[in-house]
Amino acid sequence: MRLSRFNREGIKEFQFQLQKMREGAVIKSPLGIIEDKNFVESVENGPEIIIKLFDSRHDMVAYLNPLLVESSINDDMNDAGLWAWLSAVFIDSVCPSDDNGKRKPKHDYRHIPTSDYRHFYRHLIRGPVRIYRLFDRNLEESEIVLYQHPSVPGDFVEQLGARQERITNPAIIAAANHLYYDRNTKKHKRGAAANWKKPGTLRRYLDLLDQLDLTYDLYSMNEDEILKILPSEFAPYRG
Amino acid sequence: MRRRFNYTGRQKLKQKDIAISITQDENGLQKFYADLKLDEYKLPSDARVWVEAYDRNAVMRFPYGIAESPASEVATTLDAFSGSDSYYFRVKVVDSEQSSRLFASALSISPLRQDENDDIRKSLLRITTRDLGPVPWSLEFSNSDYPLLVINNEIDAGKSLARSNKFFQALVFPAVLKQILVKILVEDEYRPGSEPDDDDLWKESWLEFAGSLPGNTSLQAGLEVSEDEIANWIQYSMEMFCKQLNAVRKIRLELKEVE
């Protein structure tokens, strides 16, 4: 199957199928619409795409990004039909079925991009591809936002991705990776994602960045410089 | 009224000292030129200058020389924003020796753009398209950025509706202006200040725009005004805007009631 994109009708149909999934319909993969000529248009020079199951966002985009780059789609980040089609193709990774064959796709914006900036990184494929491209030279320093299962990005992605000046700053992500990513378990450290502002945790880190942003040019800093100016409450995570 | 204080020692660069213009390069890509007047600020002559272009999804950073003689060091092509002109700029003057400390900055700078008539205009309103269901357009506000006019992406004309369709402009823009002034003056209870906070620069720009409409007067900084006076000023600003836009005539022309 060649890389393709949904046309407007295809996006509507995919949206309809997502709604049916929410209502409990059992919809098996591969979805019929991904090769239906009424709903799909081809991408010029679109490479061959193989349907696979991915265990992590990292694995998924490591497979997809080279194919997207190869196809040289102009301004692919804003190509809603493309990302919606990819979401439908890899539905078993981004919205796996349970034992009864039912899926829980949650919000549409996780599968069909919108231009609403708040949801940019929430698309389950476009978001990690964007991060992968931002950090392609130091991917091991961005695992904190790529290690997760494709269907469950979780709190680190949600919080760090919510502000463009955080997610696009390699030093901020690398410092978060240093503080909160456990290379042994390949997950975030226990307690780091506490949903209250416990000392040294992610939410405190984000608060502190807001303060530091008034005094420092955070884009000029590297990971070590950011870690160095963090107060002692971060010592347990600093390692 | 909300007021914040700057305890960081960071200087604020005034908008009047920064002019950023957008043009196109030979490949049709947008690029910028920044004219920065930094001599009146107390800055080390060798402090690094950065210009950042940003929108909601991307940031591009450009080294722009030193405070003594700011100038571009690299090509200023804005290729991260292809297909979009809803981006803004920040200028930062940074200590080149010690921990990237900020000496001065300016945020939310709206660039000057060359339009079809070769006029230079400053963009106070960002425009985008999105699925809005049954709603044709909506206006969105964030804390520190210029308001965003969202047009339903079911409408094929999309952004060009707002940019060049006179019928749409005559019907919608007066409501947009009123909604923005109500947001600034009534909901946020913001009043013009002599030294506005960075987050409030867009509000100052809109109040300045409304106050400069022919026949209107500006709201003075520091003056107490009643709720009624504010409501009257908003209504009058909207009327002067309609007058300047020639809104009724444009609608009648579109409906072929006049020639």
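So the protein lines, in turn, are chains E and Y. Numbered per the numbering used here, the first sequence finishes at 239, counting up by one with no gaps. Numbered per the numbering used here, the second sequence finishes at 1259, counting up by one with no gaps. Think of the CB as a built atom: it goes at the ideal place given N, C-alpha and C, for glycine as much as any other residue.
Pull up the distance between the alpha-carbon of residue i and that of residue j, whole angstroms please.
| i | j | result |
| --- | --- | --- |
| Y/MET1238 | Y/LEU1181 | 9 Å |
| E/ALA193 | E/LEU206 | 11 Å |
| E/ARG183 | E/PRO96 | 26 Å |
| Y/VAL1074 | Y/VAL1091 | 16 Å |
| Y/ILE1230 | Y/GLU1187 | 12 Å |
| Y/ARG1163 | Y/LEU1149 | 11 Å |
| E/MET60 | Y/GLN1235 | 54 Å |
| Y/LEU1036 | Y/ILE1018 | 5 Å |
| E/GLY161 | E/TYR121 | 6 Å |
| E/PRO236 | E/GLN164 | 27 Å |
| Y/LEU1043 | Y/ASP1095 | 9 Å |
| Y/ARG1002 | E/SER93 | Confidence in Y/ARG1002 is poor, its pLDDT being 45 and thus under 50, which makes the residue's placement unreliable; the coordinate value appears in the next sentence. If you take the alpha carbons of Y/ARG1002 and E/SER93, they lie about 47 Å apart. |
| Y/GLU1257 | E/ARG110 | 48 Å |
| Y/ILE1120 | Y/ILE1109 | Any reading at Y/ILE1120 is ruled out, since the residue's pLDDT is 45, under 50, leaving its predicted position unreliable. |
| E/THR215 | Y/ALA1175 | 39 Å |
| E/GLU141 | E/ASN177 | 6 Å |
| Y/GLU1116 | Y/THR1023 | Confidence is the limiting factor: at Y/GLU1116 the pLDDT is only 45, short of 50, which leaves the residue's position unreliable and the question unanswerable from this model. |
| Y/LEU1245 | Y/LEU1223 | 29 Å |
| Y/SER1086 | E/ARG130 | 19 Å |
| Y/SER1218 | Y/SER1142 | 24 Å |
| Y/ASP1025 | Y/ILE1155 | 30 Å |
| E/ILE167 | E/ARG2 | 31 Å |
| Y/ILE1151 | E/ILE50 | 36 Å |
| E/GLN159 | E/LEU202 | 8 Å |
| Y/ASP1118 | Y/LYS1166 | Note that Y/ASP1118 has pLDDT 45, beneath the 50 cutoff, so the model's placement of it is unreliable and no number is given. |
| E/LEU227 | Y/GLY1133 | 45 Å |
| Y/GLU1052 | Y/PHE1089 | 5 Å |
| Y/GLY1193 | Y/TYR1041 | 21 Å |
| E/PHE234 | E/PRO199 | 7 Å |
| Y/LYS1159 | Y/ARG1191 | 31 Å |
| Y/PHE1241 | Y/ILE1251 | 15 Å |
| Y/LEU1107 | E/LEU212 | 16 Å |
| E/ALA62 | E/TYR132 | 8 Å |
Closest to residue i by CA distance: which of the options is it?
| i | options | result |
| --- | --- | --- |
| Y/ARG1249 | Y/SER1045, Y/GLN1169 and Y/TYR1087 | Y/GLN1169 |
| E/VAL89 | E/GLU225, E/ASP36, E/HIS58 and E/LYS106 | E/ASP36 |
| Y/LEU1112 | Y/ALA1221, Y/PRO1147, Y/LEU1124 and Y/LYS1012 | Y/LEU1124 |
| E/ARG204 | E/ASP224, E/THR185, E/SER220 and E/PRO231 | E/PRO231 |
| Y/LYS1014 | Y/LEU1038, Y/SER1021 and Y/SER1045 | Y/LEU1038 |
| Y/GLY1009 | Y/ALA1071, Y/ALA1104 and Y/PHE1032 | Y/ALA1104 |
| Y/PHE1173 | Y/ARG1126, Y/PRO1063 and Y/ILE1020 | Y/ARG1126 |
What residues match up with residue i in a beta bridge as DSSP calls it?
| i | result |
| --- | --- |
| Y/GLU978 | Residue 978 of chain Y cannot be examined here, being either before or after the span of chain Y that is shown, 1001 to 1259. |
| Y/ALA1104 | Y/GLN1011 and Y/VAL1093 |
| E/ASP210 | In DSSP, E/ASP210 forms no bridge with anything. |
| Y/TYR1033 | Y/SER1021 |
| Y/SER1069 | Y/ILE1066 |
| Y/VAL1049 | Y/VAL1093 |
| Y/ARG1130 | Y/ASN1152 |
| E/SER4 | E/SER42 |
Quick test of your reading: residue i and residue j, contact by CB under 8 Å. State the CB separation rounded to the nearest angstrom.
| i | j | result |
| --- | --- | --- |
| E/ASP262 | Y/TRP1050 | Residue 262 of chain E falls outside the range modelled here, since chain E spans only 1 to 239, and no answer is possible. |
| Y/TRP1233 | Y/ASP1145 | Incorrect: roughly 24 Å between the Cβ atoms, too far for contact. |
| E/ILE27 | E/GLY10 | Not confirmed; about 15 Å, so no contact. |
| E/ARG57 | E/PRO150 | 5 Å |
| Y/PHE1032 | Y/ALA1058 | Not really, about 14 Å apart at Cβ, beyond 8 Å. |
| E/ILE112 | E/PHE14 | 7 Å |
| E/MET221 | E/ALA171 | 5 Å |
| E/TRP83 | E/ILE144 | Not quite, the Cβ-Cβ distance comes to about 23 Å (not below 8 Å), so this is no contact. |
Which runs of the beta strand (DSSP E) fall wholly inside the region 24-53 of chain E and span at least 3 residues, in chain order? 40-42
Entirely enclosed alpha helix (DSSP H) segments - the region 57-86 of chain E, minimum 4 residues: 57-71
Which residues, taken in chain order from the region 184-215 of chain E, show a beta carbon closer than 7 Å to some beta carbon of chain C? No chain C appears in the structure shown, which is made up of the protein chains E and Y.
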